[in-house]
Amino acid sequence: MRHRHLATVTLALGLVVLTDVLRVFLPSVITIFGQAASTPAELLGAFALGWFVLALAAPALVVRVGARPVGLVALVVLGAARLALTAVPGGRTQLWLATAGLLAGLVWLAAAASQVTHPVPGLVYGLTAGALGHAMFATHDPVWWGRWQAWLPSVAVVALLLVAAVASARRPDVDERDADATTLPPARSWLLAGPSLLLGGMLALSPAVAGTANSFWFGHAGTAEPPLFALAPLTGAVALFVFCALYPPPQGRLRPLFPVLLLAGTLLFGYGPPSALGVAMLLAAAGLGGCLALTTAQRGPSTVARRGYAATGGMLVFAVATVLFYAAYDIGYPNGWLPVVVAVVVGAVAHGGRPWASGAAPSPVDATTEPTRPVTAAQPVQAWLAALLTALVALIAAVMHGPWLTATNRPGPPTQIRLVAYNIRMGFGLDGRLDLAALDRAIGRADVVLLSEVDRGWLLNGGHDTLHLLATRLEMPYVFAPAAGALWGDAVLSRWPVRQAQTRALPAVGAPTGAQALGVTVDFSDGVRLAVVSTHLQPPPGTDPVVQARAVAEFATEYADGRPLVVAGDFNTEPGDPAFTALTDAGLVDAFAAVRPLPTSPADDPRTQIDHIFVSPDLPTTDPVAIASTASDHLPVAVTLKLPPGTPQ
22 MRHRHLATVT LALGLVVLTD VLRVFLPSVI TIFGQAASTP AELLGAFALG WFVLALAAPA
82 LVVRVGARPV GLVALVVLGA ARLALTAVPG GRTQLWLATA GLLAGLVWLA AAASQVTHPV
142 PGLVYGLTAG ALGHAMFATH DPVWWGRWQA WLPSVAVVAL LLVAAVASAR RPDVDERDAD
202 ATTLPPARSW LLAGPSLLLG GMLALSPAVA GTANSFWFGH AGTAEPPLFA LAPLTGAVAL
262 FVFCALYPPP QGRLRPLFPV LLLAGTLLFG YGPPSALGVA MLLAAAGLGG CLALTTAQRG
322 PSTVARRGYA ATGGMLVFAV ATVLFYAAYD IGYPNGWLPV VVAVVVGAVA HGGRPWASGA
382 APSPVDATTE PTRPVTAAQP VQAWLAALLT ALVALIAAVM HGPWLTATNR PGPPTQIRLV
442 AYNIRMGFGL DGRLDLAALD RAIGRADVVL LSEVDRGWLL NGGHDTLHLL ATRLEMPYVF
502 APAAGALWGD AVLSRWPVRQ AQTRALPAVG APTGAQALGV TVDFSDGVRL AVVSTHLQPP
562 PGTDPVVQAR AVAEFATEYA DGRPLVVAGD FNTEPGDPAF TALTDAGLVD AFAAVRPLPT
622 SPADDPRTQI DHIFVSPDLP TTDPVAIAST ASDHLPVAVT LKLPPGTPQ
């Protein structure tokens, strides 16, 4: 059995490294190849999918050359690409290194499929380890750190992977010449590798999604430390996933339960309210783990070629679903159905195979296995211990990085504050890197920050909680308002407590991404309060955002209710346009009128004035500026506000 354990460890570690590379490849396609949405979505999708289609040739290569040499060479290339990504400064070098690593990883997966006949434990441990590692780093992968400490975990994981691979290659998981292929689990387990990676990274095992769920359950970070129950989404999800995957129930009525749970979780994710995000995560985790387990309880053809094509085909499903889901935000069509369809496919694959029949001959791999129990099933105690261990690691990560941000009033209200509005493009700069230090420098020592294009866990961008990472670095609590799904929208960060957070969806007018206006009241004590509205207008291409601008003006004046008011963000409109005029006609003042023109986009060669700060007439402003930075494709805009005296309470 020792060789099987080595194969499981190799598969798990390889999946961790491949996931790391995917977290660089996907955002690189968008930010570097896509050039900030200037590349047609169809061409961008074709580039991303082409490499997964090319990998379909890998099983034939494995059959012709041999799994061991192909697998080892592919792993070396995968590991080298992963390490090189830690050193490159971004740009096209990053894109092509990530592409090479991805293709090598897909070839390795085809080779692994021909050697590892019982992949579920390796897939489960790999997906779980990837999620827990992401959580331990607060979703900030070492590849983006930009400092020498990033090499320690990177080298350690790659080195362990190569050592395990060399040791495992000395003896395959099973020699099919000595086994009847029909007595082995079929290729269905490998077919679910890609969809499991998709649903796990998008929802079921995402630390960023768990953190975002906490925000919706317990309000914005900064009012108080949330109770221990706030740590439930991630700890509960990994525990349910591992236990359900490693200890499947015997044949019987419980078999349909897991596809139903997975379907319910994805339905809540696609169509439920943001407050249901945590429940969706728990349901999806249990369902996904159980579906993987069901494939181990099936019998059927299990040849080298079948498993290889199943593995690469499953990854193609991952790629197609990822592209279709996120392309909706550029092209414009509903996408909540797509995770549901993938869940249905997973459930059908898991539940549709022929189960092991009572009395059937056990696999030659383990002659002592009970015929009605999958050959890879763990004992209850082992499954419980594995689940508890993963939950403990997740709990430690949540305690280390949980939303422990607190804002308190300083002695006496200030006479003036610095306010910054910034479209951060999900945290990725023009070089295609997630550079929190550059964002920090661009924002500077601001007192109130309004952010647009905030990503809190999109798989397309690597599954990072960019808002929490940046807020932690700035030491500023935040309020988040989703505009597209539960994980993408706008935010307000403040060094003083905020009250009365409200949000209003703006008219979609056919826009793919959706838009909203978030209102908060900053409380400076002694009756000094400031109403702040953060927004990002998202009209369809070629359409004037005047309808959304009017809705923002109406919401802002109603929300302020006579208090000093700031309305800021990315308006996608220039001075003099109807949408701009709609805001000034509502009584708001352009804070940058004295320094026009003030271009803010694109960041490396600003030509358009689309990021603005508007204030109420009773709020004097000074020092308006667009700050030079390439940490996003927009420039941050800033102004100093002179606060009026407060009113007695």
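Residue numbers (the numbering used here): 22 to 670.
Even for Gly, the Cβ is constructed at its ideal location relative to N, Cα and C.
Note that the structure is a prediction, hence the values are computed from the model and not measured.
Check the Cα spacing between Y146 and each of P435, H489, V263, E595: the tightest is with V263. Residue range 586–591 is occupied by the beta strand (DSSP E) that includes L586.
As DSSP reads the structure, N444 sits in a beta bridge with S473.
Judged by their CB atoms, T52 and G453 are nearer to each other than the 8 Å cut-off. Counting every other CB atom within 10 Å of its CB across the protein chains shown gives Y268 a total of 16 or more, marking it as buried. G450 is the residue among A331, G450, V362 whose C-alpha sits nearest the C-alpha of D625.
At the C-beta level, A529 and Y350 stay beyond 8 Å of one another.
For L153, the uninterrupted alpha helix (DSSP H) segment begins and ends at 141–157. Short of 6 Å from the beta carbon of S210, and not among the five residues preceding or following it, lie these beta carbons of its own chain, in chain order: P140, V141, T316. Using a 10 angstroms sphere on the CB of A589, the tally of other CB atoms reaches 16 or more, which defines it as buried. It is roughly 37 Å from the alpha-carbon of P48 to the alpha-carbon of A318. In the three-state DSSP reduction, F545 falls in the coil class, being neither helix nor strand. The Cβ atoms of L527 and V567 do not sit closer than 8 Å to each other.
Rounded to the nearest angstrom, the gap between the Cα atoms of T40 and R525 is 36 Å. Within the stretch 573–648, the complete alpha helix (DSSP H) segments at least 4 residues long are 599–606, listed from N- to C-terminus. With distances taken between CA atoms, V549 lies nearest to W517 out of G540, W517, E579. When the beta-carbon positions are compared, I648 and A459 stay at least 8 Å from each other. Distance from the CA of V500 to the CA of V513, rounded to the nearest whole angstrom, comes to 5 Å. W169 counts as exposed, since fewer than 16 other beta carbons sit within 10 angstroms of its beta carbon. When C-beta atoms of the stretch 478–496 are compared with those of the stretch 527–546, fewer than three pairs fall below 8 Å, so the two segments do not count as touching. Listed in chain order, the non-local C-beta contacts of I631 below 7 Å within the same chain comprise D591, F592, N593, T594, E595, T621, S622, local neighbours out to five positions each way being set aside. Sixteen is the threshold: since fewer than 16 other Cβ atoms of the shown chains lie within 10 Å of the Cβ of Y292, the residue is exposed. With fewer than 16 other Cβ atoms from the protein chains shown falling within 10 Å of its own Cβ, G563 counts as exposed. The beta carbons of A229 and T287 sit no closer together than 8 Å.
When the Cα atoms are used, A81 and T556 turn out to be separated by approximately 52 Å. Runs of the alpha helix (DSSP H) lying entirely within the stretch 261–304, each at least 4 residues long, are 278–292 in chain order. Just so you know, the alpha carbons of A185 and L93 end up roughly 11 Å apart. By the CB criterion at 8 Å, G126 and L32 fall outside the cutoff. Only exposed fits Q403, as fewer than 16 other CB atoms lie within 10 angstroms of its CB. 8 Å or more divides the Cβ of L124 from the Cβ of Q115. Of the candidates R571, F601, G597, P503, the residue whose Cα lies closest to the Cα of S236 is P503.
Your pair A307 and L282 checks out as a contact, with CB atoms roughly 5 Å apart and the cut at 8 Å. The Cβ-Cβ distance between A234 and G299 falls below 8 Å.
One Cα belongs to A225, the other to P216, and the distance between them is close to 12 Å. Spatial neighbours of G232 in its own chain (CB-CB distance under 6 Å, excluding positions within 5 residues in sequence) are listed in chain order as D486, H489. Contact between H655 and N444 holds, since their C-beta atoms are separated by about 4 Å, short of 8 Å.
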